[in-house]
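Residue numbers (this note's numbering): 6 to 142.
Note that the Cβ used here is the ideal one computed from N, Cα and C, for glycine as well.
Here the structure is a predicted model, which is why all the values come from computation and not from measurement.
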Amino acid sequence: MDIQYTVNKPISAEQFIGLLKETTLGGRRPIDNLERIQGMLDHADLIATAWAGEKLVGIARSVTDFNFCCYLSDLAVSETVQASGIGKELIRKTFLELKEGCTLYLVAAPQAVNYYPKIGMTRHDSAWTLNDVAALK
């Protein structure tokens, strides 16, 4: 299969949603909210994509300062092409856009927790979330 990779090639919210629906990540993203998905794309700092012809088959969407840290918030590869190295290549393409010394972070989906050590990533056990400012004490 001939896969083409791009960095920061514009994609539509519809293309992103279509890909998410072909992955387990779709169940954890607001695929029924076009405006929110568009905002996710508009405010990402770095987007690496994988294409099979005109079809989007993979994405690595990140928020970063390019110098100290990069949060890879969405890594999605269509289930039709998983296990072909696309996810690893999207991570590589993302990392190569960062300045030397910048650390890439991601939060693994439950189904993918065993994937990341296999490709050489190191587990970090200290992450915290906040979804409601009223929870702050």
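| Item | Value |
| --- | --- |
| Beta-carbon proximity list for S78, same chain, < 7 Å, skipping 5 on both sides | R66, S67, V68 |
| Contact set for A117: own chain, Cβ-Cβ below 7 Å, skip 5 residues either direction | none |
| One or two residues paired with R66 in a DSSP bridge | I52, D79 |
| Span separating the alpha-carbon of H48 from that of N13 | 12 Å |
| Helix, strand or coil at V138 [DSSP, three-state] | helix |
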